Amino acid sequence: MPRYFFDVHNGNRHHGFERDEEGTDCFDFEAARIQAMATLPEIGRWEIPRDGDQQAFTVLVRNATGSIVYTATLTFAGLRLDGEAS
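The sequence shown begins at 317 in the numbering used here and counts up by one.
1. Flag this pair as touching only if the region 364-374 and the region 344-353 have three or more C-beta atom pairs under 8 Å; answer yes or no.
2. What are the start and end residues of the beta strand (DSSP E) that includes residue 378?
3. Would you call residue 376 buried or exposed, if buried means 16 or more other Cβ atoms sit within 10 Å of its Cβ?
4. In the DSSP assignment, the alpha helix (DSSP H) including residue 356 goes from what residue to what residue?
5. In this structure, does DSSP put residue 396 in helix, strand or coil?
6. Which term fits residue 378, buried or exposed, when burial requires 16 or more other beta carbons within 10 angstroms of its beta carbon?
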């Protein structure tokens, strides 16, 4: 079963990249793609409330040789409309 690595970038220039050193066994590329898509909402669930109204989270999927084979990004944009200060 092939191993894929799911690196995560949250848009923060200084501490926003987490490299997956362990990887995950996936049946095939399609299973790795689905895993990347499922990972993004879970990251957003915990990070969006902590970090504000303008955010983007990207998962870079690498194969066993280190080549990036898939990338997916989830973007969040929130805007207060009542004119009150946050």
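In this text, a Cβ means the ideal position worked out from N, Cα and C, and glycines have one as well. Keep in mind the model is a prediction, meaning the values are calculated, not measured.
Per the coordinate set shown:
1. no
2. Residue 378 sits at position 62 when you count from the first residue of the sequence shown. Taken as a continuous stretch (DSSP letters only), the beta strand (DSSP E) holding residue 378 covers 370-378.
3. As a working note, residue 376 is residue 60 in the sequence shown. It is buried - the Cβ of residue 376 has at least 16 other Cβ atoms within 10 Å.
4. Along the sequence shown, one-based indexing puts residue 356 at 40. Here the alpha helix (DSSP H) through residue 356 covers 345-367.
5. The residue labelled residue 396 in the question sits at position 80 within the sequence shown. Three-state result, residue 396: coil.
6. On the sequence shown, position 62 is the one that residue 378 refers to. Buried, since its Cβ has 16 or more Cβ neighbours within 10 Å.
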